[in-house]
Amino acid sequence: MAVRGKGASRSGRAGLAVLGALAAVAITAVPASAQVSCEAAVDDELIAGHDSPDNPLELEAGSSVRVRALAPDDATRVRVEADVPFATQVIDEPATPGAVFDEVVDLDDVAPYGVGLYRARVESGSCSSTVWVKITGRSPFTTAAGVSATIAIGVGALLIVSAIVRTARGNRSLVRGFLGGALTGFGALVLAQQFGAVGLTDRVLITWIGLPGLAGAALTQASALIAAGAPVAAPVPPPSVPAPAPPAPAPAPAPSSIPAPTSAPPPAAAPASAQSQPIDLTAEATSAEATSEAAAPVGAGDPPRSSYARIDAPDAVVADDEFVLVVGLSAEPVAGVVGGPLVRPPTSIGPYTLVVQAVADGFALADGGSWRRELPVTVAEPYPTVTYRLRADRLAAEVWSRSIQALFSVDGQTMGMAVRSVAIVARRELLGVVPESGPDAERASVVGVAPQRDAADLTVRIVHGESTSGGRLLWTFESTVGVVVPDAPIASDIGSHPADFARQLIAGVAAHRGKVTLVPFLNGIGETVSEQMPAEFFTLLAAVATRVEGRSPRVLLLSEEPYVPWELAALDPLLDPSAPAFLSAQTDVGRWVLGQRRPALPPPRELDIGDVAVVSGEYPTASWRLVEAEAEAAEITQRWSAWPVNAVATSVLDCLTGTPPADVIHFAVHGSYAPEGVLEGLILVDGDTLDPMAVKGCRFAHAPLVFLNACQVGSSNEVLGDYAGLAEAFLHAGAVAVIAPLWSIDDAAAKDLALRFYAGVFDEGRSPAAVLRDERCGYNRPGADVAATRLAYQYFGHPALQCRVRHPTFRRTP
-1 MAVRGKGASR SGRAGLAVLG ALAAVAITAV PASAQVSCEA AVDDELIAGH DSPDNPLELE
59 AGSSVRVRAL APDDATRVRV EADVPFATQV IDEPATPGAV FDEVVDLDDV APYGVGLYRA
119 RVESGSCSST VWVKITGRSP FTTAAGVSAT IAIGVGALLI VSAIVRTARG NRSLVRGFLG
179 GALTGFGALV LAQQFGAVGL TDRVLITWIG LPGLAGAALT QASALIAAGA PVAAPVPPPS
239 VPAPAPPAPA PAPAPSSIPA PTSAPPPAAA PASAQSQPID LTAEATSAEA TSEAAAPVGA
299 GDPPRSSYAR IDAPDAVVAD DEFVLVVGLS AEPVAGVVGG PLVRPPTSIG PYTLVVQAVA
359 DGFALADGGS WRRELPVTVA EPYPTVTYRL RADRLAAEVW SRSIQALFSV DGQTMGMAVR
419 SVAIVARREL LGVVPESGPD AERASVVGVA PQRDAADLTV RIVHGESTSG GRLLWTFEST
479 VGVVVPDAPI ASDIGSHPAD FARQLIAGVA AHRGKVTLVP FLNGIGETVS EQMPAEFFTL
539 LAAVATRVEG RSPRVLLLSE EPYVPWELAA LDPLLDPSAP AFLSAQTDVG RWVLGQRRPA
599 LPPPRELDIG DVAVVSGEYP TASWRLVEAE AEAAEITQRW SAWPVNAVAT SVLDCLTGTP
659 PADVIHFAVH GSYAPEGVLE GLILVDGDTL DPMAVKGCRF AHAPLVFLNA CQVGSSNEVL
719 GDYAGLAEAF LHAGAVAVIA PLWSIDDAAA KDLALRFYAG VFDEGRSPAA VLRDERCGYN
779 RPGADVAATR LAYQYFGHPA LQCRVRHPTF RRTP
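Heads up, the sequence shown is in our numbering, so the first residue is -1 and it goes up one at a time.
(1) What are the boundary residues of the alpha helix (DSSP H) that S305 is part of?
(2) Which first and last residues belong to the alpha helix (DSSP H) in which Y756 is found?
(3) Can you check the region 550 to 634 for any alpha helix (DSSP H) of at least 4 residues that lies completely inside it and give the ranges in chain order?
(4) Looking at C-alpha atoms only, which residue of A598, A631, T526 is the closest neighbour of F580?
(5) Is R342 helix, strand or coil when you go by DSSP?
(6) Hey, how far is the Cα of V613 from the Cα of W638?
(7) What is the DSSP secondary structure of D200, counted as helix, strand or coil?
(8) Name the one or two DSSP bridge partners that F705 has.
(9) Using a threshold of 9 angstroms, state whether the C-beta atoms of V479 and S407 are closer than that.
(10) For E633, which residues of its own chain have a beta-carbon under 7 angstroms away from its beta-carbon, when the five flanking residues on both sides are left out?
(11) Confirm, please, whether the CB-CB distance from I309 to I402 is below 9 angstroms.
(12) Just reading off the beta strand (DSSP E) that E58 is part of, what are its end residues?
(13) Following the continuous alpha helix (DSSP H) through F536, name the residue where it begins and the one where it ends.
(14) Are the CB atoms of L724 and G669 within a distance shorter than 9 angstroms?
(15) Using 9 angstroms as the threshold, is the C-beta distance between I492 and Y561 below it?
(16) Need the endpoints of the beta strand (DSSP E) that D491 sits in, please.
(17) Spell out a yes or no on whether the region 740 to 750 and the region 762 to 777 are touching, meaning 3 or more CB-CB pairs, one atom from each, closer than 8 angstroms.
(18) Can you tell me where the beta strand (DSSP E) holding K694 begins and where it ends?
(19) Mind reading off the beta-carbon distance from Q192 to A147? Whole number of angstroms is fine, and I expect it under 8 angstroms.
(20) Which residues does DSSP pair with L459 in a beta bridge?
(21) Over what stretch of residues does the alpha helix (DSSP H) that includes P766 continue unbroken?
(22) To the nearest whole angstrom, what separates the beta carbons of P797 and G588, a pair I think is in contact under 8 angstroms?
(23) Suppose you measure from the CA of P571 to the CA of I681; what does that come to, to the nearest Å?
(24) Of the residues L393, A356, A80, which one's Cα is nearest the Cα of R387?
(25) If you compare alpha carbons, which of R545, T537, Q530, S550 is closest to P563?
(26) Please confirm whether M413 and R303 have their CB atoms less than 9 angstroms apart.
(27) Using a 10 Å radius around the Cβ and a threshold of 16 neighbouring Cβ atoms, would you call T585 buried or exposed?
(28) For L799, name the three-state secondary structure that DSSP assigns.
(29) So, helix, strand or coil for Q530, using DSSP?
(30) Cα separation between L340 and W473?
(31) Output the boundary residues of the beta strand (DSSP E) element that contains V514.
(32) Would you mind reading off the limits of the alpha helix (DSSP H) that contains G185?
(33) Can you give me the C-alpha to C-alpha distance between D661 and T385, rounded to a whole angstrom?
(34) Three-state secondary structure (DSSP) at A404?
(35) Quick one: any contact between the region 770 to 787 and the region 650 to 658, if contact means 3 or more CB pairs under 8 angstroms?
The following block contains the structure:
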């Protein structure tokens, strides 16, 4: 029985990735035009000469075309730029001189996304060329691009009507009128392009967007003059949009969604603070709109969609003396506060209630109030604050420091967390020895949270306490299903050496492997973990489960604590009697790291998948070979058209930074967890180790889901007081989610689990958390080692993450 205690990958190939669903055909055909004599063949027809929109290469939707070409002798790279309705997409890839390009492209995969006329520019070696491709054979009104364009025209028309009505009532909205006209023109342009009547160029874009935008503004201005009783000339009509006779349509590039312009009313002036002044966050409103909306009654209109965290306190206080802590929102970044804006979730419309949860271990509330406060946020009061009166507990020291945290929530969804440090002195005369923070000093840090469409049912926030032992944890909660949560942080204590528990867990699984004692050992781990969690957690989880009958509860763990696998906590009573008692088998659970600046909060909710890369290989010695891992990589490559990547350091680093491009990166290699040593991470076939620091030093070209199918690499530790480990490193580098086992796993069982995982996510459209929960439910089946492997995988990501596969075959032929 092989164990993945070390690491591996397969040899791979490079090539051009499809830039977008609609650009696929143009891009596949274009590299051919940049070869030796700048000639290539598509179904035996030379591409040369198709360099004008008047003479495009015509392809029929639903057909398959064969593209053949030869790379020039001086080619080292190939760069392709394709114009699609919503962006210019680019790929820049290595090229092999003299290599033969021969591939079949199935246009039926592209047609649902769009049809029409596209231009691509290619440079490779001494060749540089342009090719126009026209795809016909499908109505644009049945494609994603055509539907989006039609919606854009409708939204633009509504914006124009809205601007005219508002202006007629005295609230001038020229910007709204311009945006409505521009959006209408853009939608008309995309439809014309889909019908093959117009090719996208800079001049065409300016004409079709700018002129209708000016016409929309003119119509709005005309309504203002009419409302004022002034004579007005007939408004300038928008430029006529030729209604192209629908030729047989053709597939187009996969459109990104067209965001409808939003208009947030400007805030009224808020009380000035010593650190910041509120500013108008509304990009669209004119001064006339600002005046009228600022005078609106409380509760009218929509407050700003985004703002910044504010947390004010003295730099130093005397123990036992009262001081004032001010927490709330600001219109602009506060001096010394690091991080982006706090963004309201989409579920919050109009005036809303901001929930502020203060966490101040080592401080007491001097006024006997609540740590959890609610702030109404309105147009008239867009940046409210709340005041706490605190008193620092006394320690047997002269000078020490404590952190004060403020967590912000709306509709049960955590928007962000602000942290600031306060120095505490034993005697007043010691205040002079504590340096005051200057205006540019870093006095606080803020982690901003982007909006979530589907929030977790229960969010659990676990932060370090400071008042007693190093193992003191403070728990706060949020729920989106109407469950009342505690107003004060709940404390627990895991002792001063939690790292020892993580090591003992890994060693214990290894010691019990192959024995009947393995399952009881893991059950005991579950009981031990649950004993360290506050009773309030289990009460809240049970209440949440009653609100979401018919599906498993979704639980999100936001944790500063890296060592304890809270996912293994044993539940009693069970939410689902048919499933094992572990939290991760009873619920769809995801973990996320509360770091200083990265990873950003919250875990992303969606992932578009176009390409998969599989890192594996054959180790040079027989004792290190992972035969099942090699078979796993080969089957993933064959079934889902993945890029094979050889598990050598240069190829793996290239993969992480975008060559080949991948939205999912799967590792089938050896792994090792040795937090005190240097060989922690993924062990590659060339003997190098991909350790957390090396991963953390990379920046992903894409934001992928990463599956580390290697032993022990889900375990974490601390570096410089912050969450660390291989999973955290991938999140820090930009991963959307990471899946990694906590302990050593069986080679064959790991292969079978990985294949079932991708079938569930890719073929069935299920969330990774739900698929992994089902895998853990197999823990009750016979076979202790297989059961332990099913339970080993820790999931870092949103519990409701949806992976949208852009193409069933990932746009590549294996």
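Glycine residues also receive a C-beta, built at the ideal position from the N, C-alpha and C atoms. Just so we're clear, the structure is a prediction, and the values are computed from it rather than from any experiment.
With the structure as the only source:
(1) Here the question's residue 305 lines up with position 307 in the sequence shown. Here S305 belongs to no alpha helix (DSSP H); instead the beta strand (DSSP E) covers 304 to 310.
(2) Along the sequence shown, read from residue 1 onward, the residue named residue 756 stands at position 758. Counting along the chain, the alpha helix (DSSP H) containing Y756 begins and ends at 745 to 756.
(3) Within the region 550 to 634, the complete alpha helix (DSSP H) runs of at least 4 residues fall at 581 to 584.
(4) As a working note, residue 580 is residue 582 in the sequence shown. Comparing Cα positions, the closest option is T526.
(5) Taking the sequence shown and counting its residues from 1, one reaches residue 342 at position 344. Three-state DSSP puts R342 in coil, outside helix and strand.
(6) Counting from 1 along the sequence shown, the entry for residue 613 is found at position 615. Counting from 1 along the sequence shown, the entry for residue 638 is found at position 640. Distance between the alpha carbons of V613 and W638: 14 angstroms.
(7) Locating residue 200 in the sequence shown gives position 202, where the first residue counts as 1. Of the three classes helix, strand and coil, the one that applies to D200 here is helix, per DSSP.
(8) Locating residue 705 in the sequence shown gives position 707, counting from the first residue. Partner residues in the beta bridge of F705, as assigned by DSSP, are H664, I737.
(9) Here the question's residue 479 lines up with position 481 in the sequence shown. Here the question's residue 407 lines up with position 409 in the sequence shown. The beta carbons of V479 and S407 sit no closer together than 9 angstroms.
(10) Here residue 633 refers to the residue found at position 635 of the sequence shown. These residues qualify, in order along the chain: L753.
(11) The residue given as residue 402 occupies position 404 in the sequence shown. The residue given as residue 309 occupies position 311 in the sequence shown. The answer is yes: Cβ separation under 9 angstroms.
(12) In the sequence shown, the residue the question calls residue 58 occupies position 60. Under the DSSP assignment, E58 falls in the beta strand (DSSP E) whose first and last residues are 55 to 58.
(13) For the purposes of this step, residue 536 is identified with residue 538 of the sequence shown, where counting begins at 1. Segment 533 to 545, the alpha helix (DSSP H) holding F536.
(14) Taking the sequence shown and counting its residues from 1, the one referred to as residue 669 is at position 671. Taking the sequence shown and counting its residues from 1, the one referred to as residue 724 is at position 726. Yes, these two residues count as a Cβ contact at 9 angstroms.
(15) As a first step, residue 492 must be located in the sequence shown, where it is residue number 494. As a first step, residue 561 must be located in the sequence shown, where it is residue number 563. Closer than 9 angstroms, so yes.
(16) As a first step, residue 491 must be located in the sequence shown, where it is residue number 493. In this chain, the beta strand (DSSP E) harbouring D491 covers 488 to 491.
(17) Touching, no.
(18) Counting from one through the sequence shown, the residue named residue 694 turns up at place 696. That residue, K694, is in no beta strand (DSSP E); its alpha helix (DSSP H) goes 690 to 694.
(19) Locating residue 192 in the sequence shown gives position 194, where the first residue counts as 1. Locating residue 147 in the sequence shown gives position 149, where the first residue counts as 1. With a contact defined as Cβ atoms closer than 8 angstroms, Q192 and A147 qualify at about 7 angstroms.
(20) If you number the sequence shown from 1, residue 459 lands on position 461. Note that residue 459 corresponds to Arg in the displayed sequence, not to Leu. T474, L556.
(21) What you label residue 766 is simply residue 768 of the sequence shown in a count that begins at 1. It spans 766 to 775 - the alpha helix (DSSP H) in which P766 sits, taken as one unbroken run.
(22) The residue you call residue 797 lines up with position 799 of the sequence shown. The residue you call residue 588 lines up with position 590 of the sequence shown. 4 angstroms between Cβ atoms; contact.
(23) As a first step, residue 571 must be located in the sequence shown, where it is residue number 573. As a first step, residue 681 must be located in the sequence shown, where it is residue number 683. Each residue's CA atom was taken as its position, placing P571 and I681 some 41 angstroms apart.
(24) Against the sequence shown, residue 387 aligns to sequence position 389. It is A356 whose Cα lies nearest to the Cα of R387.
(25) Within the sequence shown, numbered from 1, the residue matching residue 563 stands at position 565. The shortest C-alpha separation from P563 is found at Q530.
(26) Mapped onto the sequence shown, residue 413 falls at position 415. Mapped onto the sequence shown, residue 303 falls at position 305. Remark: C-beta atoms of M413 and R303 do not approach each other more closely than 9 angstroms.
(27) In the sequence shown, the residue the question calls residue 585 occupies position 587. So T585 counts as buried.
(28) Translated into positions along the sequence shown, residue 799 becomes position 801. Assigned with DSSP and collapsed to three states, L799 falls in coil, not helix or strand.
(29) If you number the sequence shown from 1, residue 530 lands on position 532. When secondary structure is reduced to three states using DSSP, Q530 falls in the coil class, being assigned neither helix nor strand.
(30) Translated into positions along the sequence shown, residue 340 becomes position 342. Translated into positions along the sequence shown, residue 473 becomes position 475. Looking at the backbone, the Cα of L340 and that of W473 are separated by about 22 angstroms.
(31) In the sequence shown, residue 514 corresponds to position 516, counting from 1. For V514, there is no enclosing beta strand (DSSP E), since its DSSP letter is neither H nor E.
(32) Taking the sequence shown and counting its residues from 1, one reaches residue 185 at position 187. G185 -> alpha helix (DSSP H) spans 172 to 192.
(33) On the sequence shown, position 663 is the one that residue 661 refers to. On the sequence shown, position 387 is the one that residue 385 refers to. Roughly 45 angstroms separates the two Cα atoms.
(34) Walking along the sequence shown from the start, residue 404 turns up at place 406. Annotated three-state conformation of A404 is strand, per DSSP.
(35) The way I'd put it, the region 770 to 787 doesn't touch the region 650 to 658; fewer than three beta-carbon pairs between them come closer than 8 angstroms.
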